[in-house]
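Single-structure report; data block below.
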Amino acid sequence: MSNFFELLENRIGFSRIGRINFSKVEKLYIRTPNVAIPIKNVLMKQFSFIQEFENHDLFIISKEIFLKIGFLREKFRNTGFIFSYPGTYEKYREILEKNLEIFTKDNVISIIPFNIPSTTIGRDFAESEVKNYLTSAVDILKTNPTINFGLSIRLFDYSELIDLYIPVIKENENIKILNFVDVFDRFSNFRKIINSIVEIKTKLDNNIVIMASGRIVPKYFPMLVYLGVDLIDSSFLLYLSAENFYDTLEYLLPIHKVKYLPCSCVVCKGNLKNLVGSKQSSEKIDLLCIHNLIVAHNYMMKIKQYLRHEDYRGFVEKSSLDDTALISMLKILDKNYFPLVRFETPISQKTKKVNCLGPSSYNRPDFREFRQRTINNFEPEPWTTMIILLPCSAKKPYSLSKSHKKFHSVLRKFQEFTNFQEIILTSPLGAIPRQLENIYPVNSYDISVTGDWDDTEKEITSEMLHHIVTKYNEDIPIICHLGSDYLDIAEKVNSILPHNFHFTKVDGKVTSKESLKSLESLVKQHVSDFKSLSKFPEKNYLSNTWIRKLIKILDYQFGGGSGIKIINDDLIPLRFTSKSQVDLIDLKTKDKLGIFKTLSGQICLTIKGLKRMAHVPFSIDSNIIIFDGQEIQGNTLFRQGVLDFSSNLIPNNYVIIIDKEKKEIIGTGNLIVGSNFIRNSKTGRVVKISEKK
Ligand SMILES: [Zn+2]
């Protein structure tokens, strides 16, 4: 028995890729996010509409006439339908009872309507309307327990009314879709919108499909998907078309003002251009409808594409920049909701270029996660005798850039090189220990560099540098080899901390001969200031640089102290197999302990590797799932198999799976969802298993 909704992959923010099974009798999967296209009689008569949408897989129907078996089964066999009735509750109930068989067996799900003529009403009246609606809805839900329904959510601008809906949704498992009728009508109410979404995400089963209806234009689609909306009802475009509006994505233009049709869809190429100036033309309105729906459909296709293959957050930012309400929404989400959003946002994205567009990018959840994790998990190497601060480079990883190769040509002259802790200052990520330069997002971000940092950028980087430097003995000398724009940051931290900062003389560029000479002589001058407390362990099979990196990457993924347990003294561990991955192999036992994947910047440990790190009794605090059994079947761990789990699970991170008795590690894999989803769901995929016992 398959579930109504399945979450397949999480993306940044609350965005997610999933599928809905629209049929109870067969498998009819409709991918989400998706846009539901309205079907109207007038449109069905237009050949261009049929031509354009015959392959679309999700429609909204509002008239009983479309509930004919012939229509649903023959013409649109592989299509999902949402029946959204615009009339009264009583009439809807009649239709439902007449068509029970269709709603039970066919590819259509109906929304229990909540229609009320006025939209602005007082608080008390709104509350009683919601209560009345819920009483009637519960009656339908209980009478038809085997039929799936959508529930309408109308809040009348009083976002706290969502609390009235929550218990009803929890009690009635045949509610599969929540149709937000008026919540997205005004994006200027961004706080109320976020509040409603957060209530749903933290209090209800996360497998409930979220649908957005109401006054929605395509321009808002990227943000709606970022907020976790799975389905968007595009019916409002019919109304806008009747009002003679032409959607260009950025704007809604009155059609008579459109001189150049910026679209080559079937109607724009066809008769619409001849009708632009005509008044009272029903053909013009029909054609406008088709164009506007095509715009909505194409934009959703773009979103689906970008969710899979590009940095989706960058797209959301770009598409929000000309709308102050959308920008504010992103800012509030980044600033106030990180503790929730971090458990929905994958820890890494594979081979995606992340463009920082400016202030809107500074506190992206994946950037904040990186900073927080680095501050929490990065511990000084005990053999450190010197800290060196360096500027970032456009090329990633930094050490492959021309400038960093020059720095290294100086630093590697010193036999103490492995005792140097390099920290790279960059905007907007912060202060990056060299060992973490290969992980996401350090390996993927790009920003236009002009040399001018704004106050927020300086604040972010100096705060992170402060946190990291504080972990070190204050007698360890800190050499700053920085251009003018970075100096403020080092000086600010220098003024707060007792540590000894020494600045090189930069002559022109930091890479000029004179500057590099100054770096060399300053390092020479202070290289013996601090005596190391322990020695760097000698390893012969891989460069010291890689050993240092792998230890810190493991700490980053699994918590401070993890790396040294896996890559320890007794072990001669490592061997490169190809450019895209590094195998961690114990040369004594020939055991494979893990693989470092350069594309994702992550280490996937084997069970043998994990055994060095985690022991009985296992601590549930971090990266653990307790499986309800002894042996995992198949390649996916589902929610039903999870007995208990750590509260710090983040999508795309690796997790240790232990048996029911908590006696041994029985598997490992990549998380599909995070702790919040697991906590709030009864079904769904949880881990993509990479190894099982
Ligand atoms: Zn067009």
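Going by this note's numbering, the sequence shown opens with residue 1, and the numbers climb by one from there.
Heads up, the beta-carbon is just placed ideally off N, CA and C, and yes, glycines get one too.
- Within the segment 254 to 279, complete beta strand (DSSP E) segments of at least 3 residues are not found at all.
- Judged by the Cβ position, CYS263 qualifies as a neighbour of ligand 1 at the 7 angstroms threshold, a heavy atom of the ligand being closer than this.
- Placement of the Cβ of CYS289 at a distance of 7 angstroms or more from every heavy atom of ligand 1 is found.
- Assigned with DSSP and collapsed to three states, ALA431 falls in strand.
- DSSP places PRO38 inside the beta strand (DSSP E), whose first and last residues are 34 to 39.
- Beyond the five residues adjoining it in sequence on each side, MET386 comes within less than 6 angstroms, by CB distance, of PHE420, PRO477 in the same chain, given in chain order.
- Setting aside the 5 residues that flank it on each side, ILE496 is surrounded in the same chain by HIS466, each with a C-beta closer than 8 angstroms to its C-beta; the list follows chain order.
- Secondary structure remark: continuous alpha helix (DSSP H) runs of at least 4 residues inside the segment 351 to 387, in chain order: 359 to 362, 365 to 377.
- For VAL267, the shortest separation between its Cβ and any heavy atom of ligand 1 lies below 7 angstroms.
- Residue nearest to ILE332 within the set VAL442, SER360, VAL523, ASN107 is SER360 (criterion: CA-CA distance).
- In this structure, the CA atom of LEU272 is about 42 angstroms from the CA atom of TYR133.
- Residue environment analysis places ALA242 among the exposed positions, since fewer than 16 neighbouring C-beta atoms fall within 10 angstroms of its C-beta.
- For ligand 1, no non-hydrogen atom lies closer than 7 angstroms to the CB of ILE285.
- Between the segment 343 to 357 and the segment 488 to 505 there are fewer than three C-beta pairs closer than 8 angstroms, too few to call the two in contact.
- GLN602 is classed as buried because its beta carbon has at least 16 other beta carbons within 10 Å across all chains shown.
- Per the C-alpha coordinates, the member of CYS289, PHE677, GLU691, LYS692 positioned closest to VAL198 is PHE677.
- In terms of CA proximity to ILE39, ILE290 leads the group SER15, LEU307, ILE290.
- Every alpha helix (DSSP H) stretch that sits fully inside the segment 441 to 526 and reaches 4 residues is listed by chain position as 455 to 470, 484 to 496, 513 to 526.
- For PRO382 and THR418, the gap between their C-alpha atoms comes out near 11 angstroms.
- Contact between GLY270 and SER48 holds, since their C-beta atoms are separated by about 7 angstroms, short of 8 angstroms.
- Short note on ILE294: C-beta closer than 7 angstroms to some heavy atom of ligand 1.
- Each residue's CA atom was taken as its position, placing TYR220 and ASP485 some 37 angstroms apart.
- By the criterion of a C-beta distance shorter than 7 angstroms, ALA126 is surrounded in its chain by PHE156, TYR158, LEU161, once the five residues flanking it on both sides are discounted.
- By the neighbour-count definition (other C-beta atoms within 10 Å, threshold 16), PRO339 is an exposed residue.
- Between SER152 and VAL181, the beta carbon gap of about 5 angstroms places them in contact (Cβ cut-off 8 angstroms).
- Sixteen is the threshold: since fewer than 16 other Cβ atoms of the shown chains lie within 10 Å of the Cβ of THR88, the residue is exposed.
- A Cβ-Cβ separation of about 14 angstroms leaves TYR306 out of contact with PRO218 under the 8 angstroms criterion.
- Taking the Cα of ASN652 as reference, the smallest distance to any Cα among ASN174, PHE558, GLU520, ASP659 is reached at PHE558.
- For ASN568 and GLU457, the gap between their C-alpha atoms comes out near 38 angstroms.
- Residue pairing from DSSP places LEU7 in a beta bridge opposite GLY18.
- Residue range 123 to 143 is occupied by the alpha helix (DSSP H) that includes ARG123.
- Counting only residues of its own chain and dropping the five nearest sequence neighbours on each side, HIS56 has a CB closer than 6 angstroms to the CB of ILE37.
- In the displayed model, PHE627 falls within a strand according to three-state DSSP.
- Scanning PHE103, THR589, ILE553, SER562 for the CA closest to the CA of VAL582 turns up ILE553.
- Taking a C-beta distance under 8 angstroms as the contact criterion, ILE665 and LYS579 do not qualify as a contact pair.
- For LYS68, there are no CB contacts under 7 angstroms within the same chain when 5 residues up- and downstream are skipped.
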